[in-house]
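Engineer:
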Amino acid sequence: MTAPSTNDVIDTVLGLDRFPDLQALREQRAKLKHLSQTSYQAALRPAEARNFSYALRAALAARMAALWKSQELAAHFRELLESEEGGSALVSIANPGNGAEGADTRLVAILAHVDLVTLSPKEATRANIEKLTAAGLDDRDIVTLAGLIAFVNYQVLVVAGLKMLRDN
Amino acid sequence: MSQPVHEFTIEPLDWKPYVKSVDVETATVEQLDALKITPSNKKISDYVLVLANEPETLKERTPLFNDIMYSEGGLSRGGREIGALAASFVNHCIYCASVHAARYIQLERRPEVVDEIYDRGLDANLPEFEQALFNFGVDLTAHPDNVGAYQFYHLREIGLDDLQIIDLIHAVAIFGWANRLMHTLGEPHRLD
């Protein structure tokens, strides 16, 4: 069971404490707001990190947010990354301008998949999953990675839509 | 052995994963707990059994999806399905599109709206209300970094209030999630 979080990430990154009308609107959909936050916990800080350290999850999330130029979320995930154990070693991959020079085969494959499925999911095929398998990811790892990518992209879209409501 | 389907089709489809799904017989307590809250009146789909590899995520995702698509009030259920369809067309999730095209028709009894989307894809020429929902879904999915006043005023022009707009945002966004699972972890097949 994920503990209810007192800090809602989406409210925080959009500074909604200064926009009470939009905050109240989100409360009209309190259940989905809460489940969006518990989904964040499950994707970024699950009970067991297993083969994706919290730092790696945060770094990949920061990279995806930056790929979509979601500055608020990218800044949030970079901050999260810096707070995670081993985070400083992964700062470079949070920047989508950086490839995986010197990285191991597994990380190279993960970054390629993250970039493809974030920006061009329609291009993904069975061959992309086979590349992950060849790089040493098992079936559960592949579902973990897909779930992280899918969640962060959801959050990017929600933040983009709410920002439209906030600013108009 | 059926062939995978690579073109949009409105016919009902099967979905076959590229990775192993969880076997209910050998599932962990946590996996069974996460599976319990999916609709239990029918066989658990391969898709959900694949997601059960990550029970902590699945346990949150299932009720989130249901609340976004089926909550009371706000945007009509059919309107949410247009958001789902727009996202699925941009992301080329053939399976998602087939399911949600059928659901839209079932809810709204307007197959001509779906036919036009299937005929012309992202260039679909729809009645004003559906067009605005569809365009917003396409724009938010394809260019989340470029959604602003233009999109907002089009939604206001067809009379959407804030709650209806926030419902549409979530319907499109949850398909940014669902498409990235369904289209990347497996592929659709014609029913045997």
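Residue numbers (numbering that gives the first Met the number 0), protein chains in the order written: chain A, 0 to 167; chain B, 0 to 191. Cβ atoms here follow ideal geometry from the backbone N, Cα and C, with glycine treated the same way.
1. Would you list, in chain order, the members of the stretch 11-24 of chain B that have their beta-carbon closer than 8 Å to a beta-carbon of chain A?
2. What residues from chain B crowd round A/V8, counting only those whose CB sits closer than 7 Å?
3. Helix, strand or coil for A/G184? Go by DSSP, reduced to three states.
4. What residues match up with B/E186 in a beta bridge as DSSP calls it?
5. Is there at least one Cβ from chain B nearer than 9 Å to A/Q22's Cβ?
6. Tell me which residue opens and which closes the alpha helix (DSSP H) that B/V137 is part of.
7. Answer yes or no: does any C-beta atom of chain A fall closer than 9 Å to that of B/H99?
8. Are any of the Cβ atoms in chain B nearer than 9 Å to that of A/D16?
9. What do you reckon, are the CB atoms on A/N127 and B/T183 nearer than 9 Å?
10. Could you check which residue in A/E47, A/I9, A/V116 and A/L164 has the C-alpha nearest to that of A/L66?
11. Check for me: the alpha helix (DSSP H) holding B/W176 runs from which residue to which?
12. According to a CB-to-CB cut-off of less than 8 Å, which residues of the stretch 102-124 of chain B neighbour chain A?
13. Report the residue ranges of all alpha helix (DSSP H) runs contained in full by the stretch 62-126 of chain A; include only those spanning at least 4 residues, in chain order.
14. Going by the beta-carbon positions, is the gap between B/G185 and B/N90 smaller than 9 Å?
15. Going by DSSP, which residues form a beta bridge with B/P3?
16. Quick check: the stretch 148-160 of chain B against the stretch 128-142 of chain A, are there 3 or more CB pairs under 8 Å?
17. Tell me the residue span of the alpha helix (DSSP H) that contains A/Q22.
18. Taking Cβ-Cβ distances shorter than 7 Å, what residues in chain B pair up with A/Y153?
19. Tell me which same chain residues have a C-beta within less than 6 Å of the C-beta of B/M68, skipping the five on either side of it?
20. Could you name the residues of chain B that A/K121 contacts, counting a contact when the two beta carbons are closer than 9 Å?
21. Can you find a CB in chain B that lies within less than 9 Å of the CB of A/P45?
22. For A/A149, return the contacting residues in chain B, with the cut-off set at a CB-CB distance below 7 Å.
23. DSSP on B/P110, reduced to helix/strand/coil?
24. Taking Cβ-Cβ distances shorter than 8 Å, what residues in chain B pair up with A/A145?
25. Could you check how far apart the C-beta atoms of B/S70 and B/D45 are, in whole angstroms? I think they sit under 8 Å.
Structural biologist: Judging by the given coordinates:
1. Y17, V18 and K19
2. In the first sequence, residue 8 of chain A corresponds to position 9, counting from 1. Those within 7 Å of A/V8 in chain B number zero; the least Cβ separation is about 14 Å.
3. Summary: the structure shown does not reach residue 184 of chain A, with chain A confined to residues 0 through 167, and so no result is reported for it.
4. What you label residue 186 of chain B is simply residue 187 of the second sequence in a count that begins at 1. According to DSSP, B/E186 bridges with B/K15.
5. What you label residue 22 of chain A is simply residue 23 of the first sequence in a count that begins at 1. Closer than 9 Å: no.
6. Here residue 137 of chain B corresponds to residue number 138 of the second sequence, with the count starting at 1. Where B/V137 is concerned, the enclosing alpha helix (DSSP H) stretches over E127 to A141.
7. Within the second sequence, the letter at position 100 stands for residue 99 of chain B. So, not an interface residue.
8. Here residue 16 of chain A refers to the residue found at position 17 of the first sequence. No, its Cβ sits nowhere closer than 9 Å to a Cβ of chain B.
9. On the first sequence, position 128 is the one that residue 127 of chain A refers to. On the second sequence, position 184 is the one that residue 183 of chain B refers to. Taking 9 Å as the Cβ cut-off, A/N127 and B/T183 qualify as a contacting pair.
10. Within the first sequence, numbered from 1, the residue matching residue 66 of chain A stands at position 67. Comparing Cα-Cα distances from A/L66 to each of A/E47, A/I9, A/V116 and A/L164, the minimum goes to A/V116.
11. Start at 1 with the first residue of the second sequence, and residue 176 of chain B comes out as number 177. B/W176 -> alpha helix (DSSP H) spans D161 to M181.
12. none
13. 70-82 and 104-118
14. For the purposes of this step, residue 185 of chain B is identified with residue 186 of the second sequence, where counting begins at 1. For the purposes of this step, residue 90 of chain B is identified with residue 91 of the second sequence, where counting begins at 1. No; because the gap between Cβ atoms is not below 9 Å, this pair is not in contact.
15. Here residue 3 of chain B corresponds to residue number 4 of the second sequence, with the count starting at 1. Per DSSP, B/H188.
16. no
17. Numbered from 1 along the first sequence, position 23 holds the residue referred to as residue 22 of chain A. From DSSP, the alpha helix (DSSP H) with A/Q22 extends over P19 to E26.
18. On the first sequence, position 154 is the one that residue 153 of chain A refers to. Within 7 Å Cβ-Cβ: A172, I173, G175 and W176.
19. What you label residue 68 of chain B is simply residue 69 of the second sequence in a count that begins at 1. R79, listed in sequence order.
20. Looking up residue 121 of chain A in the first sequence gives position 122. Residues of chain B passing the Cβ test: V89, N90, H91, C92, N178 and H182.
21. Here residue 45 of chain A refers to the residue found at position 46 when the first sequence is read from its first residue. Taking Cβ atoms only, chain B reaches closer than 9 Å to A/P45, which makes this a yes.
22. Within the first sequence, residue 149 of chain A is the residue found at index 150, counting from 1. Here the neighbours are W176, R179 and L180.
23. To locate residue 110 of chain B, count along the second sequence from 1; it is residue 111. Of the three classes helix, strand and coil, the one that applies to B/P110 here is helix, per DSSP.
24. As a first step, residue 145 of chain A must be located in the first sequence, where it is residue number 146. Those within 8 Å of A/A145 in chain B are R179, L180, T183 and L184.
25. To locate residue 70 of chain B, count along the second sequence from 1; it is residue 71. To locate residue 45 of chain B, count along the second sequence from 1; it is residue 46. Not really, about 27 Å apart at Cβ, beyond 8 Å.
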